[in-house]
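In this note's numbering, the protein residues as written are 14 to 169. Quick reminder that beta carbons are idealized off the backbone N, C-alpha and C, glycines included. Scroll down for the structure; my scribbles are underneath it.
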């Protein structure tokens with residue numbers, strides 16, 4: 014229970030490492046995590062490129078999983094994470110992006126993830142996330158939550 018944020022938040026926090034440009038240079042708690050009263054945790058992330066990320070975790074309350082990525086020319090919204098929509102500059106509404114047929118026949122992302130996992134197991138080229146990336150995201154979760162790393166994640 015003390016480490017629940019690693020299981021529950023890592024798949025959202027991964028997006029900061031995917032969409033932000035450059036190394037994360039600073040993580041500043043805006044509303045710090047309070048393990049005695051889990052509620053809202055908010056942190057601002059700053060990147061070497063000048064990009065800024067804002068993490069908002071809502072515990073013990075309703076709230077959809079969502080990711081927004083905004084540039085000068087467009088805003089991308091994943092809400093829920095399996096559905097993507099884009100809003101171009103000057104537009105007032107989001108336009109859905111069509112899902113891959115696999116993502117309507119299977120749990121979104123599962124088929125592609127499984128194919129890459131099988132390829133990795135067979136020693137074939139794949140795009141599976143290496144353990145080093147997962148550990149880096151785990152370290153970012155610890156920084157956002159101001160939480161000590163679980164033992165296995167502390168290993169370099």
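CA-to-CA distance, residue j to residue i, given in whole angstroms
i           : j           : result
residue 32  : residue 50  : 31 Å
residue 70  : residue 53  : 6 Å
residue 88  : residue 66  : 14 Å
residue 107 : residue 83  : 13 Å
residue 157 : residue 126 : 27 Å
residue 55  : residue 144 : 26 Å
residue 122 : residue 112 : 10 Å
residue 77  : residue 94  : 9 Å
residue 129 : residue 20  : 22 Å
residue 134 : residue 72  : 36 Å
residue 11  : residue 81  : Any question about residue 11 goes unanswered here, given that the chain covers just 14 to 169.
Rounded Cβ spacing between residue i and residue j (contact assumed at less than 8 Å)
i           : j           : result
residue 30  : residue 150 : 6 Å
residue 91  : residue 74  : Contact flag wrong, Cβ pair sits at about 20 Å.
residue 124 : residue 115 : 4 Å
residue 96  : residue 109 : 7 Å
residue 159 : residue 45  : 6 Å
residue 155 : residue 162 : 5 Å
Endpoints, beta strand (DSSP E) assigned at residue i
i          : result
residue 81 : 80 to 83
residue 87 : 87 to 91
residue 67 : 65 to 71
Selected residue, minimal CA-CA separation from residue i, among the options
i           : options         : result
residue 68  : 87, 16, 145, 24 : 24
residue 103 : 79, 44, 85      : 85
residue 47  : 78, 15, 77, 120 : 15
Test: residue i CB closer than 9 Å to a CB of chain D
i           : result
residue 143 : This model lacks chain D altogether, as it is built from one protein chain only.
First through last residue of the alpha helix (DSSP H) which encompasses residue i
i           : result
residue 126 : 123 to 134
residue 22  : 17 to 32
Open item on the list: Three Cβ pairs or more, each shorter than 8 Å: is that satisfied between the segment 30 to 38 and the segment 56 to 65?
Closed with: yes
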